[in-house]
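Be aware that the sequence shown starts at 0, since it is given in numbering that gives the first Met the number 0, and climbs by one per residue.
Idealized CB from N, CA, C, for every residue including glycine.
Note that this is a predicted model, so its numbers are computed, not measured.
Since the structure comes first, as structure tokens, the remarks are kept for the end.
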Amino acid sequence: MISPQQGIFRVAAQRGINMATANRAGEQGSVPSRHGRYIQKDGYWYYTTREGVDIGPFDSHADAEVGVGEFIEFIQASEPKVSDVLKQYRAA
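Structure (structure tokens):
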């Protein structure tokens with residue numbers, strides 16, 4: 000049985016969409032690099048958003064990758080002001 004998150008990635012892949020390299024709704028131009036997005040701290044995994052927010056903890060790197068996909072989908076469906084709010088919580 001697959002999780003809803005895995006299902007999201009399968010549907011995106013079937014449609015030829017790579018969620019990690021897709022622009023957000025309303026954005027144009029090149030997509031920022033995703034390199035260095037994952038970090039491990041105290042045995043847990045986190046990912047960093049382009050807004051500079053570390054999100055986690057996740058038990059594994061794979062779980063963090065699923066989390067990134069969910070986050071990207073959320074941001075793409077959100078109003079631009081959601082991204083502005085996230086910027087208030089940037090990692091120190």
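With distances taken from CA atoms, which of R49, Y45, D62 and E64 is nearest G55? Y45
Reducing DSSP to helix, strand and coil, say where D53 ends up. In this structure, D53 counts as strand in the three-state DSSP scheme.
Residue range of the unbroken beta strand (DSSP E) whose run includes K40: Y37 to K40
Using the C-alpha atoms, what's the distance from D58 back to I38? 12 Å
Hey, could you find the ends of the alpha helix (DSSP H) K86 is sitting in? Looking at the DSSP string, K86 is not in any alpha helix (DSSP H), and its letter there is neither H nor E.
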